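Q: UniProt numbering puts the first residue of the sequence shown at 1, with every later residue one more than the last.
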Amino acid sequence: MKEIYYPSRELSRQARIKNMCEYNDLMEWAKEDYEGFWDHWAKEKLEWIEPYGKVLDESNAPFYKWFVGGKLNITEQCIDRHIDKRKNKAAIIFEGDRGDKQIITYLELYRNVNRFANLLRNEFGVKKGDRVVLYMPMIPEAAYAMLACARIGAIHSVVFGGFSAEALRDRIIDAQAKVVITADGAYRKGAPYMLKPTVDTALEEGCDSVEKVLVVQRNNEDVVWIGGRDYSYNELIENQPDVCEPEVMDSEDPLFLLYTSGSTGKPKGVQHSQAGYILWAQMTMEWVFDVKENDTFWCTADIGWITGHTYIVYGPLAAGATTVMFEGVPTYPDAGRAWKMVEEYKINQFYTAPTAIRVLHKLGEHEPEKYDLSSLRILGTVGEPIDPPAWKWYYDVVGGGRCSIVDTWWQTETGGHMISPLPGATPVKPACATFPLPGIMAEVLERDGTPVATGEQGLLCITKPWPSMIRTIWGDPERFKKSYFGDVVKDGKAVYFSGDGAVVDEDGYITIIGRVDDVINVSGHRLGTAEIESAIKKHPHVAEVAVVGKPDPIKGESIFAYIVLKDDVADSLGEEVELSKEINDVIAREIGNIAKADAIVVVPGLPKTRSGKTMRRILRAIAKGEPITQDISTLEDPSIVEKIEEAVRCAG
Ligand code: 6R9
């Protein structure tokens, strides 16, 4: 039996959902009248240009449509509607790596976004439906660029700045982007780093769709300019008018693509649409973070991930809150940086990943005590399972035992939170995501759709469509169906399977175990084993490779690669250290530094079944140093297991 932490009376009193009775009522309402439930919120929360006719169209499942026929522009939801009441309120507080600061009011945000939108529309000819790739640092212009695209109906696709030129190129080509927006570079740990050269390399091959590159000058380091292709944002923005007519968008028009890793093949362009996404982004800000008029909200994610999309840009702005954007890292110049910022800006909600919590804990266990963190009310965690010690430290030391912790489970595909405690209502068990949010039908099932037995691990599914869900995979509707609706059938209907395993306890609490497919979660970053393997295969000496995740005390998981060398080199190569370095260089080139392997072990072969399938479970067990419990007699060559164990022992 785990300890239970109840929300303080103070937090419950002021929260929108104040207790479990209110939660149950909302859930009952959604169960009894699903469409009525969502109809209510869509009418209450969203600014419509034209009303929708139908709440949910399930006729072409799983290609669900929400708020069918409605017209809106979500930048009006995020900006215009706040101008009357909040024009002088801070929309974005920006803190640069080196401590430089900028406050952008809602009125300034309005102007900056409108001017940016005019630039794209008038100077670059970007139209509704065109794709614009962003390869940006964490600066306000990144948020302006996303919103400017939304203003004119262009589909943005943000690529995380840590991805390599090859990875960027793949995404540009898949999206057939017309424009790339980047910066010369930015600052990290006190020093400039560069982005534009990576864009230049990406565009060297196969990116014929790209007509123009817009460069924000952030660090003013020298970059190469290609005439007729590259333009300076800082120069072009000067002459743009302050007002840009918003494009009238259909509820279901695509808003953005965000590439994420799956268990097979190349990253997939997760496509989100307008109305449903913004509705849930705003509602979760209100329900899960209980954001209030004078709150200052800080999510430490990068805008290159879904967390940055929904909880730095769209959610906080739709809710009319003040959102903090930070260019640097929370450990520079020291482990107190984040806490110093909390004190200075009187942050009320702080949202980060377990990896960051573990690093900050390790580097500065008592560091939070040096700062006044009394403004904090709600602490959030996301991206990977949190372990009880990290949870406890977050609760006791960062939150001073006063704050609610919301362990939010969700995914790129879900658009916003799915399972999370409600800060004023849910009695929390440490390191447990607790219950689905009102309106979200999350269940832990067996493959045949029956609920899993209490305490047993099952498949985490969402059994009814929800407004902010993925609409399709860009350009590959079949893959969309197969990836998400191909595994679990409930009552004769294919339901959304997340790829995660979970357990339900005797009180109905859901604990997320982690991915049960071939996706690895390193520091909260999702990486496909297939993707890393195909990168490693580009090394000329590699014949075969299998990659697995190994539990890591800080990063959650680390990457462990088993390599089989080609026959002609196998004997002559003695230097594994050199080879490891070369292989990691290949990974860095093909994907980015975040996908580098922590261990690379040369083995004589892989454990394969007679049908040729690699038994990853065996490889995972060996990486962990665990005894092999599964039956290996069905392997093509059972003796290989011992040889692999031996190779790992020698390498270790
Ligand atoms: C938002 C985001 C999604 C995967 C997801 C799961 C893991 C996210 C979690 C969590 C345990 C949580 N995950 N939140 N695991 N507890 N609170 O991270 O999206 O990058 O698509 O990753 O992250 O494995 O399937 P994304």
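Just so it is clear, CB atoms sit at the ideal spot from N, CA and C, and this is done for glycine as well. Quantities reported herein were computed from a predicted structural model and do not represent experimental measurements.
What span of residues does the alpha helix (DSSP H) with Glu286 cover, start to end?
A: Ala275 to Trp287 is the extent of the alpha helix (DSSP H) around Glu286.
Q: I'd like to confirm the pairing. Which residues does DSSP put opposite Val406 in its beta bridges?
A: For Val406, which the question treats as bridged, DSSP gives the partners Gly380.
Q: Leaving out the 5 sequence neighbours to the left and right, which residues in its chain are closer than 6 Å to Glu221 when beta-carbon positions are compared?
A: So the qualifying residues of the chain are Asp184, Gly185 and Pro192.
Q: State the Cα-Cα distance for the pair Leu26 and Arg218, rounded to the nearest angstrom.
A: Cα to Cα, Leu26 sits roughly 47 Å from Arg218.
Q: In its own chain, which residues sit with a C-beta less than 7 Å from the C-beta of Ile636, not counting the 5 before and 5 after it?
A: The residue asked about is misnamed: residue 636 is Glu in this sequence, not Ile. Excluding sequence neighbours, Glu636 sits near Lys608, Thr609 and Arg610.
Q: Exposed or buried, which one is Ala91 when buried takes at least 16 other CB atoms within 10 Å?
A: That one is buried.
Q: Within 10 Å of its beta-carbon, does Gln349 have 16 or more other beta-carbons around it, so buried, or fewer, so exposed?
A: So Gln349 ends up on the buried side.
Q: Would you mind sorting Leu317 into buried or exposed? The rule is 16 or more other CB atoms within 10 Å of its CB.
A: That one is buried.
Q: Tell me the rounded alpha-carbon separation between Pro388 and Ala431.
A: Looking at the two C-alpha atoms, the distance is approximately 5 Å.
Q: Can you determine whether any heavy atom of the ligand 6R9 sits closer than 7 Å to the C-beta of Arg526, and answer yes or no?
A: For the ligand 6R9, at least one heavy atom lies less than 7 Å from the Cβ of Arg526.
Q: Can you give me the start and stop residues for the beta strand (DSSP E) that Cys299 sits inside?
A: Taken as a continuous stretch (DSSP letters only), the beta strand (DSSP E) holding Cys299 covers Thr296 to Cys299.
Q: Is it true that the CB of Lys212 sits closer than 8 Å to the CB of Val124?
A: Here the sequence assigns Phe to residue 124, which means Val is not the residue at that position. It is a contact, given that the beta carbons lie within the stated cut-off.
Q: Hey, would you say Arg171 sits closer than 8 Å to Tyr259, going by beta carbons?
A: Yes, the Cβ-Cβ distance between Arg171 and Tyr259 is below 8 Å.
Q: Given the structure, does Gln282 come close to the ligand 6R9, in the sense that its CB is under 7 Å from one of the ligand's heavy atoms?
A: Result no, Cβ not under 7 Å from the ligand 6R9.
Q: Could you please give me the residues that DSSP links to Phe350 through a beta bridge?
A: Answer is Trp298 and Leu379.
Q: Verify the contact flag: Gly499, CB atom, against every heavy atom of the ligand 6R9, threshold strictly below 7 Å.
A: Gly499: yes, Cβ under 7 Å from the ligand 6R9.
Q: First and last residue of the beta strand (DSSP E) that includes Glu544?
A: Looking at the DSSP string, the run of the beta strand (DSSP E) that includes Glu544 is Val542 to Asp552.
Q: For the beta strand (DSSP E) that Val503 lies in, which residues bound it at each end?
A: Run containing Val503: Lys493 to Val504, per the beta strand (DSSP E) assignment.
Q: Contact between the stretch 296–314 and the stretch 404–423: three or more CB pairs below 8 Å?
A: Yes, the stretch 296–314 touches the stretch 404–423.
Q: Anyone know if the C-beta pair for Ile4 and Leu422 falls short of 8 Å?
A: No; because the gap between Cβ atoms is not below 8 Å, this pair is not in contact.
Q: What residue range is occupied by the uninterrupted alpha helix (DSSP H) comprising Ile104?
A: Where Ile104 is concerned, there is no enclosing alpha helix (DSSP H), although the beta strand (DSSP E) it sits in stretches over Lys101 to Thr105.
Q: Express the C-alpha separation of Val547 and Ile520 in angstroms, rounding to a whole number.
A: Cα to Cα, the separation comes out at about 9 Å.
Q: In this structure, what does DSSP give as the bridge partners for Trp66?
A: Its beta-bridge partners are Leu56.
Q: Taking only heavy atoms of the ligand 6R9 into account, decide whether any of them is closer than 7 Å to the Cβ of Glu443.
A: No - the ligand 6R9 has no heavy atom lying nearer than 7 Å to the Cβ of Glu443.
Q: Whole angstroms is fine: what's the gap from Leu72's alpha carbon to Leu373's?
A: Their backbone Cα atoms lie some 39 Å apart in a straight line.
Q: Assess contact between the stretch 558–572 and the stretch 140–156, defined as three or more Cβ pairs (one per stretch) separated by less than 8 Å. Is contact present?
A: Cβ pair count under 8 Å is below three, so no.
Q: Have a look at Ala621 and Asp568 and give me their C-alpha separation to the nearest angstrom.
A: The straight-line gap from Cα to Cα measures roughly 30 Å.
Q: Hey, is the stretch 588–603 in contact with the stretch 521–540, meaning 3+ C-beta pairs nearer than 8 Å?
A: Contact between the stretch 588–603 and the stretch 521–540 is present, because at least three Cβ pairs lie under 8 Å.
Q: Taking 8 Å as the cut-off, decide whether the C-beta atoms of Lys45 and Met418 are in contact.
A: No, Cβ-Cβ distance for Lys45 and Met418 is not below 8 Å.
Q: I'd like to confirm the pairing. Which residues does DSSP put opposite Gly528 in its beta bridges?
A: Val519.
Q: Name the two residues that bound the continuous beta strand (DSSP E) containing Pro316.
A: Careful: Pro316 lies outside any beta strand (DSSP E), inside the alpha helix (DSSP H) at Gly315 to Ala318.
Q: Taking Leu258 as part of the beta strand (DSSP E), name the residues at either end of that continuous run.
A: Looking at the DSSP string, the run of the beta strand (DSSP E) that includes Leu258 is Pro254 to Thr260.
Q: Are there three or more Cβ pairs, one per stretch, closer than 8 Å when the stretch 60–72 is compared with the stretch 314–328?
A: In short, these stretches do not touch, since the Cβ pair count stays below three.
Q: Do Asn122 and Ala425 count as a contact pair if the criterion is CB distance below 8 Å?
A: No, the Cβ-Cβ distance between Ala425 and Asn122 is not below 8 Å.
Q: Would you report the Cα separation of Met325 and Gly99, rounded to the nearest angstrom?
A: Between Met325 and Gly99, the C-alpha separation is close to 12 Å.
Q: What first and last residue would you give for the beta strand (DSSP E) that runs through Val179?
A: Val179 -> beta strand (DSSP E) spans Val179 to Ala183.
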